[in-house]
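*Asks:*
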Amino acid sequence: MNTPTPAAGALDARDHRVFDAVRELMSTQGMQLSMEAVAQQAGCSKQTLYSRYGSKQELLRRVMQRHLCRATAGLRAMDGEDLRGCLLQFAVDHIEHFSEPQVVQARRLIAAEAAQFPQEAQALYRDGAGALTLHLAEWIATRIERGLLRHDDPHFMAELLLSMIAGLDFEKQRFHTPHRDDAAMRRRWAEFSVDSFLQAFALHPAVPDPHSNQLRSFS
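What follows is the structure, encoded as structure tokens:
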């Protein structure tokens, strides 16, 4: 699987300040954020931003790449045959990231502005959710080749798994409806999603936890 770039180690302190500024501004300004606002938030000049990143589109792409690198870190770090361990770490990280108030608010704004900025919205999807799906599909394809997962379409499998992990919780957050608002509830849902996926696709499913068959509430 190709490692997302840039790797966390390739970023310096200025990159981190700028990228954090973008994430903060996305939650308040959505796709209308400006390079001037980013420069002010990050404590640098607008000229520095343009000389370093070239354009706002490239800056946003780099920010999405950093998220992608973090989102797939669990899959790369546990690159063995522990399917459940790898996927569970990935699922927990995914849910926790999208449960951050800053991310929830940014998603609300971007969804509301998507029709007004269609090209920018498409680019954010391509570099975000689209790229994440491709990397997960590559990881799944490798496990199919190793005989760990049932032979099927890895892209469909990746999209299915991401949908299972998300459930309706992100929609509930977007519409200000009660959701899984603590880490324990989110982890139980991650376990349920991953175990259900493996029951469908793993050639040798792991023995489930004896408590996993008990009725659980995820609402």
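Numbering (our numbering), first residue to last: 813 to 1031.
Don't be surprised by glycine CBs; every beta carbon is placed ideally from N, CA and C.
As the structure is a prediction and not an experimental result, all values here were calculated from the model.
1. My understanding is that L887 touches V834, with C-beta atoms under 8 Å, so please give their C-beta distance in whole angstroms.
2. My output table needs one value for A927: the three-state DSSP class, helix, strand or coil.
3. Whose C-alpha, out of H967, V1006, A935, is nearest the C-alpha of I907?
4. Considering only the alpha carbon of each residue, which of E893, L837, A885 lies closest to F868?
5. Mind the definition here: the region 920 to 938 touches the region 963 to 981 only if three or more C-beta pairs lie below 8 Å; say whether that holds.
6. Which value, in whole angstroms, describes the spacing of the CA atoms of R826 and S857?
7. With a threshold of 16 other CB atoms inside 10 Å of the CB of S1008, please say whether the residue is buried or exposed.
8. How is L936 classed by DSSP in three states: helix, strand or coil?
9. In whole angstroms, what separates the C-alpha of A903 from that of E1003?
10. Going by DSSP, name the residue or residues bridged to L961.
11. Just to confirm my understanding: we take I952, look at its own chain, exclude 5 residues before and 5 after, and list those with CB closer than 7 Å. What are they?
12. Classify G842: buried if its beta carbon has 16 or more other beta carbons within 10 angstroms, exposed otherwise.
*Replies:* Let me spell this out:
1. That pair is no contact at about 25 Å.
2. coil
3. Looking at the Cα atoms, V1006 is the closest of the given residues.
4. For clarity, residue 868 is Lys in the given sequence; the question names Phe instead. Considering only alpha carbons, the answer is L837.
5. When C-beta atoms of the region 920 to 938 are compared with those of the region 963 to 981, fewer than three pairs fall below 8 Å, so the two segments do not count as touching.
6. Cα to Cα, R826 sits roughly 12 Å from S857.
7. exposed
8. helix
9. 8 Å
10. A1014
11. The residues are L961, P966, M969, A970.
12. buried
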